[in-house]
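J.:
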Ligand code: DAH
């Protein structure tokens, strides 16, 4: 029995897989296995012999069976380990420093300002980039002879021979979306209208396509004070500073009366711009109380409703906030530039999460 035990426990220890183990089980403790044959021999023994040999054989059988199941479990463990080793995937690896894609600073700035104005109760409105002459000019109190038309370096679309209607234009500003929003929604209304605009101009700070965001708030009791507060809250949140001083400078726009250009207090330190402190001022936007003619053109009664509007250059905001010196690079699609100035694709700007972590 000791020989049997040594033989089978040795074989079990050496078994390399489940098939080998099964063969050992059949040979040792199967119905016609060696232990079963020994059991049969019990009948030929004297009762005294049987009393010793019977329990010993049972114990041997138990011992082999438990060695078999222990080995079976060990083999299964080893097989699982091997599988895990081959299927191993290190999810702790950092993402590649060179991201495949990133968010363009204009998109980032647009997302940021949208989050801020959303918090202030403004929804987002959009309009077409190919705009009617009427929406882009007349409705905004810029009639045909007005010098502002010439100043805007407008791109005109082609009209078919013999068609005397004024040609469509590539919108020169986002202000026509004011009109479209009023037409669609009526009053009261609070919208921002971000998007691309076009002017025939090209140098370090001008590109033929750039981006603006228009703001419009119309209600029965809106004043310049509301405009001032909204702009201050916006600028503080956007530039992520606790305090900021704005200067409202009297100006002129056909679509607002009175009109103001807004400057922000800043300083230049070694070419490094600091927003909110210092002795310099930088112009960042145009604004004013919407002209009654414009409110009427939007289909709203200017005797009942009034409101403010503003227009900001988004590219310029992005240049100021992220320290980007040349506007033209925004539209070069230079991958090195995009990698340097781009933002991670999964960081959605929110006020509570931090705008531009
Ligand atoms: N539309 C003007 C531009 O493109 C910007 C602007 C100024 C918009 C004053 C406004 C405003 O709504 O009130 O230069």
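Residue numbers (the numbering used here): 20 to 376.
The beta-carbon is built from N, C-alpha and C at its ideal position, and this holds for glycine as well.
By the three-class DSSP mapping on this structure, what secondary structure does residue 293 have?
T.: Reduced to three states, the DSSP call for residue 293 is strand.
J.: Just the Cα atoms here: how many angstroms apart are residue 275 and residue 326?
T.: Each residue's Cα considered, the two are about 10 angstroms apart.
J.: Between the region 361 to 376 and the region 252 to 262, can you find at least three pairs of beta-carbon atoms closer than 8 angstroms?
T.: Touching, per the Cβ criterion.
J.: Answer yes or no: the CB of residue 146 versus the heavy atoms of ligand 1, is any distance below 7 angstroms?
T.: Checking the Cβ of residue 146 against ligand 1 gives no.
J.: Evaluate residue 142 with the Cβ neighbour count: other Cβ atoms within 10 Å of its Cβ, from every protein chain shown; 16 or more gives buried, anything less gives exposed.
T.: Exposed: under 16 other Cβ atoms inside 10 Å.
J.: Just tell me which of 342, 197 and 161 has its CA closest to the CA of residue 145.
T.: Closest option to residue 145, Cα to Cα, is 197.
J.: For a quick check, are the C-beta atoms of residue 304 and residue 339 less than 8 angstroms apart?
T.: Cβ atoms of residue 304 and residue 339: not closer than 8 angstroms.
J.: With a threshold of 8 angstroms, are at least 3 pairs of Cβ atoms found where one atom belongs to the region 83 to 91 and the other to the region 47 to 54?
T.: With the cut-off at 8 angstroms, the region 83 to 91 and the region 47 to 54 touch.
J.: With DSSP collapsed to three states, give me the class of residue 129.
T.: Residue 129 falls in the helix class under three-state DSSP.
J.: Shortest alpha-carbon distance to residue 37 belongs to which of 76, 78, 88 and 22?
T.: The option with the nearest alpha carbon to residue 37 is 88.
J.: Among the candidates 108, 93 and 122, whose CA atom is the shortest distance from the CA of residue 367?
T.: Cα-wise, what sits closest to residue 367 is 122.
J.: Looking at C-beta atoms only, is the number of pairs between the region 279 to 298 and the region 195 to 213 that lie closer than 8 angstroms three or more?
T.: Result no; under three Cβ-Cβ pairs closer than 8 angstroms.
J.: For the alpha helix (DSSP H) containing residue 204, name the first residue and the last one.
T.: Per DSSP, residue 204 belongs to the alpha helix (DSSP H) from 195 to 204.
J.: Using the Cα positions of residue 35 and residue 55, report the straight-line distance between them to the nearest angstrom.
T.: For residue 35 and residue 55, the distance between alpha carbons rounds to 25 angstroms.
J.: Can you confirm whether residue 196, when its beta carbon is compared against all beta carbons of chain B, has any partner nearer than 8 angstroms?
T.: This model lacks chain B altogether; it includes just one protein chain.
J.: Say whether the region 154 to 161 touches the region 277 to 290, bearing in mind that this needs 3 or more beta-carbon pairs closer than 8 angstroms, one atom from each stretch.
T.: Cβ pair count under 8 angstroms is below three, so no.
J.: Under the DSSP definition of a beta bridge, which residues are partnered with residue 278?
T.: Answer by DSSP bridge pairing, in chain order: 270 and 307.
J.: Can you list, in chain order, the residues of its chain with a C-beta nearer than 8 angstroms to that of residue 251? Leave out the 5 residues immediately preceding and following it.
T.: The residues are 263 and 265.
J.: Run the proximity test for residue 192: is its beta-carbon closer than 7 angstroms to any non-hydrogen atom belonging to ligand 1?
T.: True, at least one ligand heavy atom lies under 7 angstroms from that Cβ.
J.: Who does residue 113 pair with in a DSSP beta bridge?
T.: Answer is none; residue 113 lacks a bridge partner.
J.: Could you give the first and the last residue of the continuous alpha helix (DSSP H) run that contains residue 331?
T.: Residue 331 -> not in any alpha helix (DSSP H); beta strand (DSSP E) instead, spanning 325 to 332.
J.: Short of 7 angstroms in beta carbon distance, which residues of its chain neighbour residue 4, apart from the five on each side in sequence? Order them along the chain.
T.: Outside the modelled stretch of the chain, which goes from 20 to 376, sits residue 4, for which no answer is possible.
J.: Can you tell me whether residue 132 is buried or exposed, with buried defined as 16 or more other CB within 10 angstroms of its CB?
T.: It counts as buried.
J.: By DSSP, does residue 153 sit in helix, in strand, or in coil?
T.: Three-state DSSP puts residue 153 in a helix.
J.: Smallest Cα separation from residue 333: which of 230, 244, 296 and 240?
T.: Residue 333 has its Cα closest to that of 230, out of 230, 244, 296 and 240.
J.: Do residue 350 and residue 226 have their CB atoms nearer than 8 angstroms?
T.: A contact, by the Cβ cut-off of 8 angstroms.
J.: Of all the options 120, 362 and 176, which has the alpha carbon lying nearest to the alpha carbon of residue 451?
T.: Residue 451 is absent from the structure shown; the chain starts at 20 and stops at 376.
J.: Beta strand (DSSP E) containing residue 213: first to last residue?
T.: Note, residue 213: beta strand (DSSP E), 208 to 217.
J.: What residue does the alpha helix (DSSP H) around residue 25 start on, and which one ends it?
T.: Unbroken alpha helix (DSSP H) run through residue 25: 21 to 33.
J.: In whole angstroms, what separates the C-alpha of residue 98 from that of residue 129?
T.: Rounded to the nearest angstrom, the two C-alpha atoms are 54 angstroms apart.
J.: Please find out if some non-hydrogen atom of ligand 1 comes closer than 7 angstroms to the beta-carbon of residue 275.
T.: Yes, ligand 1 has a heavy atom inside 7 angstroms of this Cβ.
J.: Ignore the nearest five residues each way along the sequence and tell me which others in residue 238's own chain have a CB closer than 7 angstroms to its CB.
T.: Correct list, in chain order: 206, 207, 324 and 326.
J.: Taking all protein chains shown into account, do 16 or more other C-beta atoms lie within 10 angstroms of the C-beta of residue 166, making it buried, or fewer, making it exposed?
T.: Exposed, since its Cβ has fewer than 16 Cβ neighbours within 10 Å.
J.: Is the beta carbon of residue 306 sitting closer than 8 angstroms to the one on residue 269?
T.: No, these two residues do not count as a Cβ contact at 8 angstroms.
J.: Excluding five sequence neighbours on each side, which residues of the same chain lie with their C-beta closer than 8 angstroms to the C-beta of residue 40?
T.: The answer, listed in chain order, is 31, 34, 87, 90, 91 and 94.
J.: Are there any heavy atoms of ligand 1 lying less than 7 angstroms away from the beta-carbon of residue 328, as far as the coordinates show?
T.: Residue 328 Cβ: within cutoff of ligand 1.
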